[in-house]
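> Mind looking over this structure? Questions follow.
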Amino acid sequence: MIKANNPALKSWIEIEKDSDFPIQNLPFGIFKREGKLPRVGVAIGGYVLDLAEVALGGYLRELHVNLQIFENNHLNQVIAMGKEKCRQLRQTLSELLEAGNPELRDHPDRQKRMLHKMSDVQMLLPVRIGDYTDFYSSIDHATNIGKMLRDPANALLPNWKHLPVGYHGRSSSICISGHSFHRPKGQSKPPDSDQPVFGPTKALDFELETAFIIGQSTAMGESVTTAQADHYIFGIVLFNDWSARDLQAWEYVPLGPFLAKNFASTISPWIVTLDALEPFRVPGYKQEPEVLPYLKYTGDKNLDIKLEVLIKPERGEPCAVTRSNYRYMYWTMEQQLAHHTCNGCNINVGDMMASGTISGPTPDSFGSMMELTWRGSNPLKLSDGTERKYINDGDTVIIKGYSEKNGVRIGFGECKAKVLPATTI
Ligand code: MN
């Protein structure tokens, strides 16, 4: 077991029982205090541990790295230290925060410098994202979409069980939780018209996803095996792949998603390390037919992460509309990465690879409005009495997620964004 994951560990910082950030988590992010420059931080309970201050205090000497990597507006240089040093960093922080360690516990002056209340900081995008890829790896999602758009009897296309299908997305519009964006406009072809029209989307949807962050670069021509893949994955965030279904239906043939996807995506601010999620590994989906040798893997490579989506109307309380779990994924992250690099495509630290919509097997666990309302034919009723086929202007969509076992809850915080009306110009 990784030492920092020990369920018996307690911190001298008081942490609420249902907090996403106990001492066993220690996820990494970028925070900013008013009037100060952005810095690298680690979440602990309701606080952010300021790693630049921890380094200035002399506690990170054994890492032998330039302290400036903690005074950055991105985590790329910290991640680029490599898996071993990142593991060592997490272990050092775990020891500093552990109940028996007086170094910070008994020194309020040091705590004042190194700990900031979460409510006093603004979170920024945690990484400079180079390339972004989105997969399509939940079998229930792919089956639902196939049933609705193609042939209910042959919902999955012939390639689906042989390779993790994906597309290259756009990183410029990936935003940090808490942002808002205008309803996108574009071209669609209404079913009752033989000509396309231009205007705001009438079918704005969320996609419940997670995304993993690449922790080590490869050279062109190099391939990562499923056995090596974990070494190349730094950690995971929650991800909302906003989608305009009417635009998508018209534009996607024959090259796949384009403007229906690239107007906005939202991620949660804290990158939960793959190390912290190790205790929540579960067996992977049984894959039949057998996959090609380069996609085979051994061990428990799926993850038990409980996922939830809530819609908060402009004037209303958040209402849960679906509950799913990462474990419903057919393809594992390790297989996705092995497939992505099998042709020699190089990857870089900070690249982001999203899971694809994570739907469960039951209608209350589907990961998008398109599935939950079956293309609008079965609207959802929210707690304020209003109905939704898709997402309305003024709605805030919130994704939450956590793993829990042996009394330890490893959470992701929130991934939320608000939809504003389309601009008139
Ligand atoms: Mn997607």
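Per this note's numbering: the sequence shown ends with 487, consecutive numbering throughout. For each residue, glycine too, the CB sits at the ideal point set by N, CA and C. Everything numeric in this text was worked out from a predicted model, so none of it was measured.
Do three or more CB pairs link the stretch 391-400 to the stretch 428-438 at distances below 8 Å?
no
> On the three-state DSSP scale, how would you describe K72?
Taking the first residue of the sequence shown as position 1, residue 72 is located at position 10. Residue state, collapsed to three classes: coil.
> Are the Cβ atoms of A508 and N87 separated by less than 8 Å?
Since the first residue shown for the chain is 63 and the last is 487, residue 508 is missing from the structure and cannot be characterised.
> Tell me whether E269, by its Cβ, gets closer than 7 Å to a heavy atom of ligand 1.
Residue numbering aside, residue 269 sits at position 207 when the sequence shown is read from its first letter. Indeed, a heavy atom of ligand 1 lies less than 7 Å from the Cβ.
> Taking the alpha carbon of L219 as the reference point, which residue from G231, E284, T205 and L137 has its own alpha carbon closest?
Taking the sequence shown and counting its residues from 1, the one referred to as residue 219 is at position 157. Cα-wise, what sits closest to L219 is T205.
> Indicate the three-state DSSP secondary structure (helix, strand or coil) for N138 in the structure shown.
Counting from 1 along the sequence shown, the entry for residue 138 is found at position 76. Looking at N138 - three-state DSSP - the assignment turns out to be helix.
> Alpha carbon to alpha carbon, how far is K358 from T288?
Taking the first residue of the sequence shown as position 1, residue 358 is located at position 296. Taking the first residue of the sequence shown as position 1, residue 288 is located at position 226. Near 7 Å, if we compare the C-alpha coordinates of T288 and K358.
> Assuming I492 is part of the alpha helix (DSSP H), what are its boundary residues?
This structure does not reach residue 492, given that the chain is present from 63 up to 487, and the question cannot be answered.
> Could you spell out where the beta strand (DSSP E) holding Q249 opens and where it closes?
Here residue 249 is taken as the residue at index 187 of the sequence shown, counted from 1. Counting along the chain, the beta strand (DSSP E) containing Q249 begins and ends at K247 to S250.
> In this structure, does DSSP put K415 in helix, strand or coil?
Position 353 of the sequence shown, counted from the first residue, corresponds to residue 415. Going by the sequence as given, residue 415 is Met instead of Lys. The answer is strand: DSSP assigns M415 an E or B state.
> If the criterion is Cβ atoms closer than 8 Å, does the pair R123 and A114 meet it?
Locating residue 123 in the sequence shown gives position 61, where the first residue counts as 1. Locating residue 114 in the sequence shown gives position 52, where the first residue counts as 1. Not in contact: R123 and A114 (Cβ atoms no closer than 8 Å).
> Tell me which residues share the same chain as Y452 and place their Cβ nearer than 6 Å to its Cβ, disregarding the 5 neighbours each side in the sequence.
In the sequence shown, counting from the first residue as 1, residue 452 sits at position 390. Cβ within range, chain order: A265, L266, D267 and M431.
> Would you kindly check if the distance between the Cβ of N134 and the Cβ of V189 is under 8 Å?
Indexing the sequence shown from 1 puts residue 189 at position 127. Indexing the sequence shown from 1 puts residue 134 at position 72. No; because the gap between Cβ atoms is not below 8 Å, this pair is not in contact.
> May I have the straight-line CA-CA distance separating Q386 from M180, to the nearest angstrom?
Taking the first residue of the sequence shown as position 1, residue 386 is located at position 324. Taking the first residue of the sequence shown as position 1, residue 180 is located at position 118. The sequence given here has Ser at residue 386, not Gln. Going from the Cα of S386 to the Cα of M180 covers about 28 Å.
> Grouping DSSP H, G and I as helix and E and B as strand, with all else coil, what is G208?
Locating residue 208 in the sequence shown gives position 146, where the first residue counts as 1. Helix, per DSSP.
> Do you know whose CA, among E146, R167, K480 and M391, lies nearest D202's CA?
Position 140 of the sequence shown, counted from the start, is the residue given in the question as residue 202. Nearest of E146, R167, K480 and M391 to D202, Cα basis: M391.
> Under the three-state reduction of DSSP, which class applies to D426: helix, strand or coil?
For the purposes of this step, residue 426 is taken as the residue at position 364 of the sequence shown. In this structure, D426 counts as helix in the three-state DSSP scheme.
> Assign T335 to one of two classes, buried (16 or more other C-beta atoms within 10 Å of its C-beta) or exposed (fewer than that).
Locating residue 335 in the sequence shown gives position 273, counting from the first residue. T335 should be labelled buried.
> Please find out if some non-hydrogen atom of ligand 1 comes closer than 7 Å to the beta-carbon of A311.
Along the sequence shown, read from residue 1 onward, the residue named residue 311 stands at position 249. Incorrect: A311 has no Cβ contact closer than 7 Å to ligand 1.
> Check whether the stretch 151-163 and the stretch 341-356 are in contact - that is, three or more C-beta pairs closer than 8 Å.
no
> Cα separation between E96 and G107?
Your numbering for residue 96 matches position 34 in the sequence shown. Your numbering for residue 107 matches position 45 in the sequence shown. In a straight line, the C-alpha of E96 is about 21 Å away from that of G107.
> Looking only at its chain, what residues have a beta carbon closer than 7 Å to the beta carbon of K467, apart from the 5 residues adjacent to it on each side?
In the sequence shown, the residue the question calls residue 467 occupies position 405. Cβ neighbours of K467 beyond the five flanking positions: P341 and F342.
> Beta-carbon within less than 8 Å of Y314's beta-carbon, same chain only, minus the 5 sequence neighbours each way: which residues are those?
Locating residue 314 in the sequence shown gives position 252, where the first residue counts as 1. F320 and A322.
> Counting along the chain, where does the beta strand (DSSP E) carrying Q184 start and finish?
Within the sequence shown, numbered from 1, the residue matching residue 184 stands at position 122. Where Q184 is concerned, the enclosing beta strand (DSSP E) stretches over V183 to L186.
> Which word fits L317, buried or exposed, when buried means at least 16 other C-beta atoms lie within 10 angstroms of its C-beta?
Taking the sequence shown and counting its residues from 1, the one referred to as residue 317 is at position 255. Result: exposed.
> Kindly confirm or deny that the stretch 372-388 and the stretch 208-227 touch, where touching means at least three C-beta pairs closer than 8 Å.
no
> Could you pull the start and end residues of the beta strand (DSSP E) that D196 belongs to?
Locating residue 196 in the sequence shown gives position 134, where the first residue counts as 1. That run of the beta strand (DSSP E) goes Y194 to F197.
> Assuming Q153 contacts A66 under a Cβ cut-off of 8 Å, what Cβ separation, rounded to an integer in Å, is found between them?
Looking up residue 153 in the sequence shown gives position 91. Looking up residue 66 in the sequence shown gives position 4. Rounded, the Cβ-Cβ distance is 5 Å, consistent with contact.
> I need the DSSP call for M432, collapsed to helix, strand or coil.
Within the sequence shown, numbered from 1, the residue matching residue 432 stands at position 370. Of the three classes helix, strand and coil, the one that applies to M432 here is helix, per DSSP.
> Between G277 and K363, how many whole angstroms is the CB-CB distance? I'm expecting something under 8 Å.
As a first step, residue 277 must be located in the sequence shown, where it is residue number 215. As a first step, residue 363 must be located in the sequence shown, where it is residue number 301. With a Cβ gap of about 17 Å, G277 and K363 do not count as contacting.
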